[in-house]
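A.B. asks: One gets the numbering used here by counting positions in the sequence shown from 1 and adding 1 to each. My questions will all concern the structure given below.
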Amino acid sequence: MQAALENLMKNRTTIVIAHRLSTIENADRIVVMHQGRLAEQGRHLALLEQGGLYARLHSLQFSEPQAD
């Protein structure tokens, strides 16, 4: 499914609304909204390096469960 989406979006302007961050990791620009407002924008790695909302959401989605 992901490969099919990437093929359809190639060389086009596309707006993708996603809760699964893996869907948008390769986007040229990621726009993060919070409570109806622009929180941050940029490329995947830049947003991770900023340590803001996108980085926190990414950490929540991709972190390993802690063993007790």
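All C-beta atoms in this analysis are idealised placements derived from N, C-alpha and C, irrespective of residue type, glycine included. Nothing here was measured: the structure is a model prediction, and the numbers come from that model.
Spatial neighbours of N27 within its chain, please: CB distance less than 8 Å, with the 5 preceding and 5 following residues excluded, ordered by chain position.
C.D. replies: Within the sequence shown, numbered from 1, the residue matching residue 27 stands at position 26. Within the same chain, and ignoring the five residues on either side of N27 in sequence, the residues whose Cβ sits closer than 8 Å to its Cβ are E7 and H45.
A.B. asks: Just tell me which of A5, A4, A47 and R57 has its CA closest to the CA of H35.
C.D. replies: As a first step, residue 35 is located in the sequence shown; it is residue number 34 there, counting from the start. Of A5, A4, A47 and R57, the residue nearest in Cα terms is R57.
A.B. asks: What number of angstroms, rounded off, separates the C-alpha of T14 from the C-alpha of S64?
C.D. replies: The residue you call residue 14 lines up with position 13 of the sequence shown. The residue you call residue 64 lines up with position 63 of the sequence shown. Cα to Cα, the separation comes out at about 31 Å.
A.B. asks: Determine the direct distance from the alpha carbon of H59 to that of G53, and round the result to whole angstroms.
C.D. replies: Counting from one through the sequence shown, the residue named residue 53 turns up at place 52. Counting from one through the sequence shown, the residue named residue 59 turns up at place 58. If you take the alpha carbons of G53 and H59, they lie about 10 Å apart.
A.B. asks: Three-state secondary structure (DSSP) at H35?
C.D. replies: Looking up residue 35 in the sequence shown gives position 34. Strand.
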